[in-house]
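Input: a single structure, listed below in structure tokens.
Protein chains: 2
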Amino acid sequence: MKFTTSEENYLKNIYHLQVMHDKKVSASMLSETVNTRAASVTDMLKKLHKKKLLHYEPYKHFHLTETGNRAAIEIIRKHRLWEFFLVNILKFKWDEVHEIAEELEHVSSTELVIRLEQFLGFPSFDPHGDPIPNSKGKMPEQEQLSLEALPLKQAATVSYIRDQRIAMMDILAHYQIKIGSRLKVIRRFDFDESIEIKVDKQPAATISKQVAANIYCTI
Amino acid sequence: MKFTTSEENYLKNIYHLQVMHDKKVSASMLSETVNTRAASVTDMLKKLHKKKLLHYEPYKHFHLTETGNRAAIEIIRKHRLWEFFLVNILKFKWDEVHEIAEELEHVSSTELVIRLEQFLGFPSFDPHGDPIPNSKGKMPEQEQLSLEALPLKQAATVSYIRDQRIAMMDILAHYQIKIGSRLKVIRRFDFDESIEIKVDKQPAATISKQVAANIYCTI
DNA sequence: AAAAATATTTAGGTTTGTCTAAATATTTTT
DNA sequence: AAAAATATTTAGACAAACCTAAATATTTTT
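Same order as they appear, the protein sequences are chains A and B. For what it's worth, numbering that gives the first Met the number 0 labels the leading residue of the first sequence as 0, then goes sequentially. For what it's worth, numbering that gives the first Met the number 0 labels the leading residue of the second sequence as 0, then goes sequentially.
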């Protein structure tokens, strides 16, 4: 199926909002992300509904159909592959590529995307660390970063502990860190490479390099 | 200046028609190449005129202004660079890339084009042999092909005669071939590698391989 | 549970780029 | 040079995607 640029932008943004807000997407949220007045959003929601891309009833929350979801993922796939291309092949900086990829993602050829992906070596993550779905729409497993590698202030979810011996578990219990905890690195101290972190709603705490190196998380 | 996709397509097509028909471009010709009814073409001509991209007066022939010309060349430049990319990097066949390049040429970032060109090694000709203008809009010298290499039915202009001895000149005079003649190869005979050509408005004629090899032309 | 605030939709417009049909110019033929 | 043919423009519509203002639903507050 082929879509207009506008339809594609709506699909993509609905998808992102769904992921971020647990399927509960409202017209006003969408209105903000697509930078368009609510009344216009309503028009488009009806259009997407008529095309069976969206489950939608007036005044209710809405969400993508299976077809809509698949279409959104294809657009996101293109966006991220182009970002990868722009940064890794054309040597743009990672913060310069978003706008350009916003245009490139609407180029329609499927064959182009397949060949581009192949040329790039089937990358799994784009330069911002976002996963690149494969041609079947499957997202790769989230990349895991140790706390040593996690960028400052980047919120993350603890997903894996490498050294699982009791001594390590004691420390984790002490700081109340567990799989699923949300945390961010606030500061790194050069002297001993210790790092200050904030876990969930607790006050900030400082952990050693050895501990940090064993905690992995996903962004 | 930024243009809509539609404006860009008109600019590009006017440019091509101008080159092919010596500045004498008519609305009906354009109507054919942009695949749009004449009435719609008129609308766009007025719009381009108002934007000072086109010299235009009702019922008269029209031609691009300097600004319009420059814009058209920039679009053509993008088209040809992308074609080069598609064929030489993504390994498409040369006859598969036109449509895709028609979309890519409208991606607006100037920086993208510059980096793409650099990545590709500043190519001078696209996979179809068409010249790629540089970032200042200058076309490289046309690639010259001998009649032996000229694709069947490809219209070309005679630009150079390698062997300029009298015997050769006699032959050329006989066939009324001179620098600037328009010709195309109609047929190649396997037996003696002679080729049938059509020069200007004359009836078809057949020339030997030796003669063909000495006539160079540009597409 | 009523009032107030907020969210969403409807109604009626606008712009861009297209269309058809009719009017008008220009060019070609006789 | 008049008639016929062809090319171009004008007039009036339409779809897509947006807008504002007003009407209507829903949610939150009191």
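The beta carbon of each residue, even a glycine, is placed where N, CA and C say it ideally should be. This one's a predicted model, so the numbers in the text were calculated from it and none came from an experiment.
>> Which runs of the beta strand (DSSP E) at least 3 residues long sit entirely within the stretch 143 to 211 of chain B? Give them in chain order.
In response: 155 to 160, 181 to 187, 194 to 198, 204 to 206
>> Quick check: the stretch 25 to 41 of chain B against the stretch 113 to 132 of chain B, are at least 3 beta-carbon pairs closer than 8 Å?
In response: no
>> Distance check for B/LEU119 and B/PHE84, CA to CA, integer angstroms please.
In response: Rounded to the nearest angstrom, the gap between the Cα atoms of B/PHE84 and B/LEU119 is 7 Å.
>> To be precise: take each residue of the stretch 62 to 92 of chain A, compare its Cβ to all Cβ atoms of chain B, and keep it if any distance is under 8 Å. Which residues remain?
In response: Per Cβ criterion, the list reads LEU85, ILE88, LEU89, LYS90, PHE91.
> Where does A/TYR55 fall in DSSP's three states?
Replying inline: coil
> Residues in the stretch 105 to 118 of chain B with C-beta within 7 Å of chain A's C-beta atoms, listed in sequence order?
Replying inline: VAL106, SER107, SER108, LEU111, ARG114, LEU115, PHE118
> Taking C-beta to C-beta, are B/LYS183 and B/ALA204 nearer than 8 Å?
Replying inline: no
> Name the chain A residues that come within less than 9 Å of B/ILE99, Cβ to Cβ?
Replying inline: For B/ILE99, the neighbours in chain A by C-beta distance under 9 Å run, in chain order, VAL106, SER107, SER108, GLU110, LEU111.
> For A/SER214, which of helix, strand or coil comes out of DSSP?
Replying inline: The sequence shown places Ile at residue 214 of chain A, rather than the Ser named in the question. The answer is strand: DSSP assigns A/ILE214 an E or B state.
> Does DSSP put A/HIS62 in a helix, in a strand, or in coil?
Replying inline: strand
> List, in order along the chain, the chain B residues whose C-beta lies closer than 7 Å to that of A/LEU149?
Replying inline: Near A/LEU149 there are no residues of chain B at all, since even the closest Cβ is about 30 Å away, more than 7 Å.
> Looking at the C-beta of A/GLU102, does it have a partner C-beta in chain B at a distance below 8 Å?
Replying inline: yes
> What's the gap between the Cα of A/GLU110 and the Cα of B/ALA166?
Replying inline: 53 Å
> Between the beta-carbon of B/ASP162 and the beta-carbon of B/ASN213, is there less than 8 Å?
Replying inline: yes
> Is B/PHE83 helix, strand or coil when you go by DSSP?
Replying inline: helix
>> For B/GLN17, report the span of its alpha helix (DSSP H) as first-last.
In response: In the DSSP assignment, B/GLN17 falls within the unbroken alpha helix (DSSP H) covering 4 to 20.
> So is A/ILE13 buried or exposed if we call it buried at 16+ other beta carbons inside 10 Å?
Replying inline: buried
>> Output needed for A/ILE74: all residues of its chain with C-beta closer than 7 Å, excluding positions within five of it in sequence on either side, in chain order.
In response: GLU7, LEU10, LYS11, GLU104
>> By the three-class DSSP mapping on this structure, what secondary structure does B/VAL40 have?
In response: Secondary structure at B/VAL40: helix, using DSSP grouped into helix, strand and coil.
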